[in-house]
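Structure, as structure tokens:
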Amino acid sequence: MAKTRIGIYGYGNLGRGVELACRQNEDLELTALFTRRDPASVQPLTAGVPVYAADDLAAHTGDVDVLVLCGGSARDLPEQTPACASLFNVVDSFDTHANIPAHFADVDVEAKAGGKVALISGGWDPGMFSLARLYATSILPEGHDYTFWGRGVSQGHSDAIRRIEGVADARQYTVPVPAALEAVRAGENPELTTRQKHTRECFVVAEEGADAAAIERAIVEMPNYFSDYDTTVTFVSQEELDRDHAGIPHGGSVIRSGVTGQDGENGHVVEYSLKLDSNPEFTGSVLAACARAVHRLSAEGQTGCKTLFDVPPAYLSPLSAEELRASML
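Following the numbering used here, the numbering of the sequence shown begins with 5 at its first residue and continues without gaps.
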């Protein structure tokens, strides 16, 4: 197959991660960037890549084999992915787990209407962790699943803090509780509440004259974000935040603890873990591999919405089937 021509919609941290992934893969070529900002204000890392206004997407369907959507799951992707799926083969990283079935249904209608392939919820969770859960539960049907995130920066939770009145900047870390993680790895199969699995650490820069106590209360009582966790809030200067919390690391583990034997006498623990220096760059790399797979599915004549569960593993790789059998099997 010829090179896969990649378009990127949204040029923030994730969009740059996809761009960097294209530079590492000879079979992927970045051919267009689309932005809601003034295109003249966007300077891609890759020389010669044109930047277009998002409103002009429909005029460039012939320039792109797969459009990678790099917006947020809360407000952007629920609207952007269905709208784009009727025009392009698309990939997104929609990560609101509870809303994935509804998002899938919305995208599937538009992709089938346009004769396109759309892969949603690419990334590492959902995405790579989803595959780890599927493989482990298929092999060990009697057992328990556990997912731990961190220690790492949650971009969504950090953004939620920054929207609080009086907050100038913030970073939030999700941190696994060591005792819980150790018990799971030991095969003890503990019953764990949300609070028992993770804590949250918040580093906050307050605006001058802001009520620090009110900010802290707004954080720890925030539903769906912090109220179910033991949360610590530390106020720092902008200089401290920039110096000590500039990166966007993340990671975590998916663990399946199961048994086999006539009476369940033999225990097994399967663990898949990630340690990421840059969450958006790793996620961008996953999306790039998904774009390769989508291009192959489209070339076969498939249409509609897909997830990583529907993609043959070999389609993610630039290697041929023969090369994979010789080098990885």
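Backbone N, C-alpha and C fix where the C-beta goes; we use that ideal spot for every residue, glycine too.
Contact holds between the segment 147 to 167 and the segment 185 to 203, because three or more Cβ pairs, one in each stretch, are under 8 Å apart. Classified as exposed, G213 has fewer than 16 neighbouring CB atoms from the shown chains inside 10 Å of its CB. Note: N93 is bridge-paired with V70 in the DSSP secondary-structure output. Counting along the chain, G21 sits inside the alpha helix (DSSP H) bounded by residues 17 to 28. The beta carbon of D69 sits closer than 6 Å to the beta carbons of T8, R9, H299 from its chain, once the five residues preceding and following it are set aside; these are given in chain order. A297 carries a helical assignment under DSSP once its states are collapsed to helix, strand and coil. By the C-beta criterion, the segment 192 to 210 is judged not to be in contact with the segment 275 to 283, since fewer than 3 inter-stretch pairs fall below 8 Å. Here T236 has E205 as same chain residues with Cβ atoms under 6 Å from its own Cβ, once five neighbours each way along the sequence are excluded. Here DSSP, grouped into helix, strand and coil, assigns S77 to coil.
A Cβ-Cβ distance of about 4 Å is found for the pair C74 and G19, placing them in contact under the 8 Å criterion. Of A62, T39, F98, D67, the smallest CA-CA separation from T287 is found for F98.
For the options E23, D129, N93, the alpha carbon positioned closest to that of A102 is the one of D129. Counting along the chain, no beta strand (DSSP E) covers P194, and no H or E run does either. The Cβ-Cβ distance between V121 and N93 falls below 8 Å.
Counting only residues of its own chain and dropping the five nearest sequence neighbours on each side, N17 has a CB closer than 6 Å to the CB of P284. Ranked by Cα distance from E220, the options L196, L91, A325, V171 are led by V171. Annotation for K279: no alpha helix (DSSP H) segment contains it, though the beta strand (DSSP E) segment containing it runs 270 to 280.
In the three-state scheme derived from DSSP, where H, G and I count as helix and E and B as strand, H202 is classed as strand.
Taken through DSSP and simplified to helix, strand or coil, E326 comes out as helix. Spatial neighbours of H249 in its own chain (CB-CB distance under 7 Å, excluding positions within 5 residues in sequence) are listed in chain order as R175, F207. Per DSSP, reduced to three states, the secondary structure at H249 is coil, with no helix or strand assignment. For K116, same chain residues with a beta-carbon under 7 Å away, outside a window of 5 residues either side, are T307, G308 in chain order.
In the displayed model, F313 falls within a helix according to three-state DSSP. Under the DSSP definition of a beta bridge, V157 partners with Y177.
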